[in-house]
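Below is one structure, written out as structure tokens; the observations come after it.
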Amino acid sequence: MKIFYDLAPIILFFIGYHNASFIAENTFVGQWIDPAQPEVITATVIATGIAIVASFIQVAGFWLKNRRFERMHLFSLALISGLGGITIAFGDPAFIQWKPTVLNWVFAGAFLISQFVGKKSLVNRMMSGQINLPDAVWFKLNLAWVVFFIASGFANLYVAFYYAPELDEKTRMDFWVDFKLFGLMGLT
404 MKIFYDLAPI ILFFIGYHNA SFIAENTFVG QWIDPAQPEV ITATVIATGI
454 AIVASFIQVA GFWLKNRRFE RMHLFSLALI SGLGGITIAF GDPAFIQWKP
504 TVLNWVFAGA FLISQFVGKK SLVNRMMSGQ INLPDAVWFK LNLAWVVFFI
554 ASGFANLYVA FYYAPELDEK TRMDFWVDFK LFGLMGLT
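According to my numbering, the residues represented by the sequence shown are 404 to 591, in order.
In structure tokens, the structure reads:
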């Protein structure tokens, strides 16, 4: 159940993006949307706003239930609020498209730093209760996660900005939104 709670903002971004015209036409949100802007901008702005609100609710809900904050939720909230806020303000999807890359690269950095700072790497700390491995294996496993997060960040950039340039902007954004949920989240 926690996995759905953790992924709620991403899932709601996906739903909001693919239902943006319905949301704009049938809710108060439509009052804030410029009807002259392209459909892809409208969809991205609506979905981003939904994800920001969902992230705030996620952080607040976790705090109300546990009386503490989860770092991952706070970091994700900061990223979605910052990059999402810029996306909404400028009507430019590029900023929100950078979020998965920034998040993955921060994870890669955290895993890499943990390799050399402290007694145990992040992978070791997370999994040592379930499995007993030699230090050399923990080292390799931790580095594998570093490589994975770096590669995921580059994959996001490729799909967001370079994949199928012959397609129109809306189709490319549709593909990126689907890739973000089913590709990147599926990999993790």
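Beta carbons are placed, not taken as given, at the ideal position from N, Cα and C, and that holds for glycine.
A check of alpha carbon separations from Val509 across Met530, Met475, Ile534, Val540 identifies Met475 as the nearest.
For Gly556, same chain residues with a beta-carbon under 6 Å away, outside a window of 5 residues either side, are Thr504, Asn507, Trp508 in chain order. By the C-beta criterion, the stretch 573-581 is judged to be in contact with the stretch 413-429, since at least 3 inter-stretch pairs fall below 8 Å. Under the DSSP assignment, Met475 falls in the alpha helix (DSSP H) whose first and last residues are 474-493.
Contact between Thr451 and Gly487 is confirmed by a C-beta separation of about 4 Å, below the 8 Å threshold. Using a 10 angstroms sphere on the CB of Ser458, the tally of other CB atoms reaches 16 or more, which defines it as buried. Cβ-Cβ distances below 7 Å link Glu428 to nothing in the same chain once the five nearest sequence neighbours on each side are left out. A direct Cα-to-Cα measurement between Val526 and Ala492 gives close to 38 Å.
Cα atoms of Ser424 and Met404: separation of roughly 30 Å, rounded to the nearest angstrom. In this structure, the straight-line span from the alpha carbon of Pro537 to that of Phe465 is close to 35 Å. For Ala567, no alpha helix (DSSP H) encloses it, and the DSSP letter there is neither H nor E.
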